[in-house]
Amino acid sequence: MPGLIVLLQALLLAVSGPPSSPEYLPIRVAEAEGYFAAEGLAVTIRTTRAESGAAEALAQGQADLAATTLEAILRFGLRATNQAPRLIFGLTAAPPVALLVAGPHTSAVRSIEDLSALRVGVTTPGAPEHAWFGWLLARAGLSIAQVRVTSLGERGLVTAIDSGDVHVALVPEPMASQLLSQGRAKLLADFRTPRAAATLLGSTTVNAAIFTRADRRPPERELSAIARALRKAEQRIHTADARDLADRLPTRVVGEFADFEARLAASRALYLTDGLVSADQLQQTISIIRTHTPLPQSVKIPRPEDMLIQIKPSAR
Numbered sequence: 004m005p006g007l008i009v010l011l012q013a014l015l016l017a018v019s020g021p022p023s024s025p026e027y028l029p030i031r032v033a034e035a036e037g038y039f040a041a042e043g044l045a046v047t048i049r050t051t052r053a054e055s056g057a058a059e060a061l062a063q064g065q066a067d068l069a070a071t072t073l074e075a076i077l078r079f080g081l082r083a084t085n086q087a088p089r090l091i092f093g094l095t096a097a098p099p100v101a102l103l104v105a106g107p108h109t110s111a112v113r114s115i116e117d118l119s120a121l122r123v124g125v126t127t128p129g130a131p132e133h134a135w136f137g138w139l140l141a142r143a144g145l146s147i148a149q150v151r152v153t154s155l156g157e158r159g160l161v162t163a164i165d166s167g168d169v170h171v172a173l174v175p176e177p178m179a180s181q182l183l184s185q186g187r188a189k190l191l192a193d194f195r196t197p198r199a200a201a202t203l204l205g206s207t208t209v210n211a212a213i214f215t216r217a218d219r220r221p222p223e224r225e226l227s228a229i230a231r232a233l234r235k236a237e238q239r240i241h242t243a244d245a246r247d248l249a250d251r252l253p254t255r256v257v258g259e260f261a262d263f264e265a266r267l268a269a270s271r272a273l274y275l276t277d278g279l280v281s282a283d284q285l286q287q288t289i290s291i292i293r294t295h296t297p298l299p300q301s302v303k304i305p306r307p308e309d310m311l312i313q314i315k316p317s318a319r
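Residue numbers (the working numbering): 4 to 319.
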């Protein structure tokens with residue numbers, strides 16, 4: 004019967020916070036615009052405080068799906084071999100940050116090799132972008148111990164860049180684009196889009212994604228429906244008027260409208276095409292994560308090929 008929607012099994016999706024995170028905006032849009040419901044999905048979204056919370060919720064059987072980073076899944080989502088995670092939809096290639104040189108230091112810092120003993124600003128300790136920064140340092144023959152990392156929060160980071168209290172900083176979007184457009188900082192390394200990350204790293208990668216457990220995997224028809232809903236959401240993000248979209252989203256997702264407008268503009272080039280991820284992308288990202296901080300010896304990482312449930316684009 005045309006237009007008939009068969010309601011599928013209810014699913015609990017744990018999403019890494021904060022609610023305003025651009026990496027997980029497609030999930031928020033899919034919920035607000037009714038794309039999950041239109042696919043016959045009953046999806047309940049639970050926001051966790053950090054990437055580790057979503058990964059742990061999946062590992063402990065408290066969620067059917069988790070939207071988090073690959074690093075969090077490897078560190079916190081592997082509890083037993085039979086619970087090995089499966090990636091069903093890729094969101095971003097890398098953390099949406101840029102490594103910027105503070106205005107007062109642009110003449111002194113011209114490459115990653117110049118960072119030895121210099122001050123590096125970050126928003127929070129243990130953020131996902133630290134692993135990617137560590138990989139850049141290692142490629143330049145440096146280690147994280149050779150730089151002076153300081154956690155400053157987002158507002159403190161901007162103040163430190165303007166004053167020169169830090170030499171460089173890992174700055175998230177849309178703040179990075181704003182500082183660059185205003186001439187207050189110089190770009191040193193760019194992770195903000197899949198194309199930029201691939202150019203910088205020399206290969207494609209994956210950071211944020213949606214995972215399920217091997218032993219609690221939803222049926223194929225439900226996974227396909229999730230993928231279709233998220234692809235519609237990403238198309239909506241790409242073309243939507245900021246005010247119209249903001250009016251449909253929860254206040255906690257939007258925040259201040261001016262901030263949301265800038266966040267939406269930065270998000271339009273953020274996502275992996277169709278959510279597709281290859282085994283090579285997984286392998287390269289695992290190598291980056293291992294370069295930063297060794298994974299616990301108790302963690303048995305599945306083969307990249309075994310971690311993928313590839314949901315190809317398809318019509319409903």
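Think of the CB as a built atom: it goes at the ideal place given N, C-alpha and C, for glycine as much as any other residue.
Under the 8 Å Cβ criterion, the region 60 to 74 counts as touching the region 16 to 24, having at least three qualifying pairs. Approximately 19 Å separates the beta-carbon atoms of Pro25 and Leu203; this is outside 8 Å, ruling out the contact.
For Asp309, no pairing in a beta bridge is given by DSSP. Phe194 carries a coil assignment under DSSP once its states are collapsed to helix, strand and coil.
Here the region 169 to 181 makes no contact with the region 47 to 59; the two share fewer than three CB pairs at distances below 8 Å. Fewer than three beta-carbon pairs drawn from the region 252 to 272 and the region 161 to 171 are found closer than 8 Å, and the two stretches are therefore not classed as touching. Taking one beta carbon from each stretch, the region 39 to 47 and the region 225 to 235 have 3 or more pairs nearer than 8 Å; the two touch.
An exposed status is given to Phe260, since fewer than 16 other beta-carbon atoms sit within 10 Å of its beta-carbon.
Taking 7 Å as the cut-off, the Cβ atoms of Ala105 and Asp193 do not count as close. Under the three-state reduction of DSSP, Leu145 is assigned to coil, being neither helix nor strand. Shown here, Gly258 sits in coil according to DSSP, grouped into three states, outside any helix or strand.
Tyr274 is bridged by DSSP to Thr95.
Contact between Leu191 and Val112 is confirmed by a C-beta separation of about 7 Å, below the 8 Å threshold. One alpha carbon belongs to Gly144, the other to Ser119, and they sit about 10 Å apart.
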